[in-house]
Every structure is written in structure tokens, then in C-alpha cells.
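Residue numbers (this note's numbering): 4 to 179. Virtual Cβ for every residue (Gly too), placed ideally from N, Cα, C. Okay, so here's the structure we're looking at.
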Amino acid sequence: MVARASGGAPAGQWVSTTKSEHLRGRRTRDTRPEVALRKAVHRLGLRFRLQRRVAPRCTADFVLPRYRVAVFVDGCFWHGCQERCPDEFQGPNADLWREKISANRERDSRNTAEATAAGWAVVRIWECEIRRDTAGAARRVAAVAREQGQGGGVRSRSTTDQGTRARRQSRTKPTR
């Protein structure tokens, strides 16, 4: 007699489950909070690169390479936010969720330590912080970039526009 896993396939074989289909649909990048934060950071004049590896097996949501700042946007449920994640899980899969979120927290701590050891300043921002005050979260990223101090700090938008305008005018050919 052959042992069977749920779904009727022999034990040890991959079985497509409702759970795997459900989790496959979850976004891991370009989430709404992440995109909102990136737009706000861009408005402050900071430029970044998306999904860059900052340490082995550690990819930041976006990085500001000029300042060596790595930004991680943590979803409240998946990463166990103290404000928003339930203290006690109920139902048939409670142990599974407790273990999953605990493992995510451990991975977050390990990634932060490895990125810091590799010379990156790490900024972790909760999804609920972005929803509450996107501009404030972006200012927090800018403050860390300013602390890193490479390149003279963060420029305001008006200064950037004036500098761009001056460069364009100097490139134009004189009329005869």
C-alpha cells in the first residue's frame, strides 16, 4: 500500500494546495506601501535602486547607493508588527502562523545584522507607519541618508531645479 498525501498524490510528491495557490498570489515586491514610500523619497530628491542585494541572501526593497542606505518595508502581518499583528493566532493553522512569523522576525534580525556588517545603514519601516504618515517615513529615510553624509546631504527640490536649469543654460549654444 502506498502512503498518500492530502490531495491523493503519493507521499513525497508535490501536491498543489489551496494554501500554496493563495500564498503564490502574495506580492513580495512593489507593494502599495513600498511604492508610496519610494514616491515620497523620490520627491525629496533622493535617488535609489530597487531590489538590490546588500549582503549574501539579503535583498533590500530599495537602496540609496550614494549614501549606502538599505531600506526594508515590512508588512505588519508578515513581519509581526507589535501594533497590528495579532498576539494570539486562532484556528487550525495557529501554530503554523506563529512559527512563520517568528521565522520572519529572526530572518529580519539576521538580515539587518549582515547588511550593517557589510557597511550599509539599515532603515526598517512598518507598513502601518507608511499608511499613517508617508511623508514622515520618507523624512526618516532622508535623515539616515543625511547622517551617512556622502555627497553633501539631501538637496531640496527647488535647489535641484535651479541647478538643473543653470546646467541646461550653460550647454546651449550662443546665437549668432
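Worksheet item: What's the C-alpha gap between residue 38 and residue 148?
Response: One-based indexing of the sequence shown puts residue 38 at position 35. One-based indexing of the sequence shown puts residue 148 at position 145. Straight-line Cα distance between these residues: approximately 19 Å.
Worksheet entry | Exposure of residue 164, with buried meaning 16 or more beta-carbon neighbours within 10 Å | As a first step, residue 164 is located in the sequence shown; it is residue number 161 there, counting from the start. With a pLDDT of 48 at residue 164, under the threshold of 50, the modelled position of this residue cannot be trusted; read the value that follows with caution. Per the 10 Å Cβ criterion, exposed.
Discussion item. Just to confirm my understanding: we take residue 132, look at its own chain, exclude 5 residues before and 5 after, and list those with CB closer than 7 Å. What are they?
Written reply: Counting from 1 along the sequence shown, the entry for residue 132 is found at position 129. Here the set comprises 140.
Worksheet entry | Coil, strand or helix - residue 75 by DSSP | If you number the sequence shown from 1, residue 75 lands on position 72. DSSP places residue 75 in strand when its eight states are reduced to three.
Worksheet item: So, residue 64 versus residue 74, is the Cβ gap smaller than 8 Å?
Response: By one-based count along the sequence shown, residue 64 stands at place 61. By one-based count along the sequence shown, residue 74 stands at place 71. Against a cut-off of 8 Å, the Cβ pair of residue 74 and residue 64 comes out as a contact.
Discussion item. Output needed for residue 126: all residues of its chain with C-beta closer than 8 Å, excluding positions within five of it in sequence on either side, in chain order.
Written reply: For the purposes of this step, residue 126 is identified with residue 123 of the sequence shown, where counting begins at 1. Closer than 8 Å at Cβ, skipping near neighbours: 72, 73, 74, 75, 143, 144, 147.
Fill in: Own chain partners of residue 117 with C-beta closer than 6 Å, once the 5 adjacent residues on each side are dropped
Looking up residue 117 in the sequence shown gives position 114. Excluding positions up to five away in sequence, the list reads 58, 61.
Fill in: Inter-residue Cα distance where the pair is residue 99 and residue 134
In the sequence shown, residue 99 corresponds to position 96, counting from 1. In the sequence shown, residue 134 corresponds to position 131, counting from 1. Rounded to whole angstroms, residue 99 to residue 134 spans 28 Å at the Cα level.
Worksheet entry | Selection from 69, 54, 32 that minimises the alpha carbon distance to residue 48 | In the sequence shown, residue 48 corresponds to position 45, counting from 1. Residue 69 is the option with its Cα nearest to residue 48.
Worksheet entry | beta-carbon residue 38 near the ligand HEM non-hydrogen atom, thresh 7 Å | Ligands in the displayed structure: none, and consequently the ligand HEM is not present.
Worksheet item: Thinking C-alpha only, which one of 86, 67, 84 is nearest residue 54?
Response: The count along the sequence shown starts at 1 and reaches residue 54 at position 51. Of the listed residues, the one whose Cα sits closest to residue 54 is 67.
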